[in-house]
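Be aware that the sequence shown starts at 86, since it is given in our numbering, and climbs by one per residue.
In this text, a Cβ means the ideal position worked out from N, Cα and C, and glycines have one as well.
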Amino acid sequence: MRENKALAAWRAGGQTVGGWLSIGNAYTAESMAGLGFDWLCIDLQHGMLSYDDLTYMLPAISTSDTVPFVRVPWNEPYEIMKALDAGAFGVIVPMVNNREEAALA
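Structure below.
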């Protein structure tokens, strides 16, 4: 597995620049990955994207050094595990409003 450069930058106190993907298209994902973003997030919470879309969008992002993240639809372990199993380097969990909800993620 390649290095998560976004995580390394954050641990070192650095900043990153990311982009958001809401179009289920490998060409769009690969094009965005080639623009120099540190990370890209595939948004499964809003819009029409599904876990099936991850199977071609994540490999398209992986053609570059861009780190792939996924915003899952909900704070459910099976949602998070599916995104990580598909190849996401990290997840953004929506609707987390306190420490207890964060601990569940």
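Status (buried if at least 16 other CB within 10 Å, exposed otherwise) for residue i
| i | result |
| --- | --- |
| Asp-138 | buried |
| Asp-156 | Position check: residue 156 holds Arg in this sequence, whereas Asp was assumed. Flag for Arg-156 reads buried. |
| Met-117 | buried |
| Leu-35 | Only positions 86 to 190 of the chain appear in this structure, which leaves residue 35 out of reach. |
| Ala-187 | exposed |
| Met-133 | exposed |
| Trp-159 | exposed |
| Ala-114 | buried |
Residue interval of the alpha helix (DSSP H) (run including residue i)
| i | result |
| --- | --- |
| Pro-153 | Segment 152–156 is the beta strand (DSSP E) holding Pro-153; no alpha helix (DSSP H) there. |
| Met-142 | 136–146 |
| Trp-95 | 90–96 |
| Ser-116 | 111–118 |
When the options are compared against residue i, the one with the closest alpha-carbon
| i | options | result |
| --- | --- | --- |
| Phe-122 | Ser-147, Ala-187 and Ile-177 | Ser-147 |
| Val-152 | Trp-159, Pro-144 and Asn-183 | Pro-144 |
| Glu-164 | Leu-125, Leu-189, Leu-120 and Lys-90 | Leu-189 |
| Gly-175 | Trp-159, Asn-183 and Phe-154 | Phe-154 |
| Ser-149 | Val-178, Gly-119 and Ile-177 | Gly-119 |
| Ala-91 | His-131, Arg-184, Trp-124 and Met-166 | Trp-124 |
DSSP three-state assignment for residue i, whether helix, strand or coil
| i | result |
| --- | --- |
| Ile-127 | strand |
| Leu-106 | strand |
Segment contact, 8 Å Cβ cut-off, at least three pairs: the stretch 105–125 with the stretch 161–171: no
Specify whether the stretch 127–144 and the stretch 91–103 touch according to this definition: at least 3 beta carbon pairs, one from each stretch, less than 8 Å apart. no
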